[in-house]
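Residue numbers (my numbering): 41 to 251. Read the structure below first, then the notes.
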């Protein structure tokens, strides 16, 4: 898979140890250390796999940068390439009649696309919900579309990083009955938040105490 995320010199020992740890999982033998060109190519493949594994395990973008020295653009390219390879593998499995792999490959493709563990896949399919907000919802006990459908909209709005507007958007997508009184309270809260935002933006030069 190109372009590879090649390890820096200081990362060689760590990446090599990772390769040895998973030696039995490789489809080919580890190249001879004496052939440095081929060996460095192999280490780049191992590092790329390690970054993608960390990505789908929900390691934060900042931690990915600090741990692997991978810039966002390089990570994005690796994700796109991995998506393509997984999709191609899925189609090839269908052609070869290896149906037992297609479901797993389909799920893995979605995990790579969104950078999440499998448990968050139902949530990241919603418009406006990425990996961070999906984890917030999941940790708040809102783990399925059905639980979002049943939850009071005020509960959704109270989840960190969700707020009133996104709670409304979620409800519009998942459906469910929202009582008229709850809509009224939500609209009042939305108006209060909008007024507070306007108040702050209109006087940027003055210090204000917000109660």
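Glycine is no exception: its CB is placed at the ideal position from the N, C-alpha and C atoms.
Contact under 8 Å by Cβ, residue i with residue j
i: residue 145; j: residue 130; result: yes
i: residue 191; j: residue 229; result: no
i: residue 194; j: residue 226; result: yes
i: residue 91; j: residue 83; result: no
i: residue 153; j: residue 106; result: no
i: residue 149; j: residue 118; result: no
i: residue 110; j: residue 209; result: no
Rounded distance between the beta-carbons of residue j and residue i, thought under 8 Å
i: residue 156; j: residue 98; result: 6 Å
i: residue 50; j: residue 96; result: Going by Cβ atoms, the distance from residue 50 to residue 96 rounds to 25 Å, so no, they are not a contact pair.
i: residue 67; j: residue 86; result: With a Cβ gap of about 13 Å, residue 67 and residue 86 do not count as contacting.
Beta-carbon proximity list for residue i, same chain, < 8 Å, skipping 5 on both sides
i: residue 246; result: Reliability of the predicted coordinates at residue 246 is poor, the pLDDT of 45 falling under 50, and no value is obtained from them.
i: residue 249; result: At residue 249 the pLDDT is 41, less than 50, meaning the model places this residue with poor confidence; the figure from the coordinates comes in the next sentence. So the list is empty, once near-sequence residues are dropped.
i: residue 178; result: 159, 160, 163
i: residue 61; result: none
i: residue 48; result: 109
i: residue 171; result: 98, 154, 155, 156, 160, 164
i: residue 187; result: 181
i: residue 112; result: 101, 105
Same chain, Cβ closer than 7 Å to residue i, five either side skipped, listed in chain order
i: residue 189; result: 214, 215, 216
i: residue 134; result: 142
i: residue 173; result: 201, 202
i: residue 207; result: 193, 196, 197
i: residue 166; result: 210, 213
8 Å Cβ cutoff, residue i in contact with chain C
i: residue 81; result: In the structure shown, chain C does not exist; there is a single protein chain.
Contact set for residue i: own chain, Cβ-Cβ below 6 Å, skip 5 residues either direction
i: residue 79; result: 71, 73
i: residue 108; result: 91
i: residue 164; result: 154, 156, 174
i: residue 169; result: 163
i: residue 180; result: 199
i: residue 176; result: 199, 200, 201
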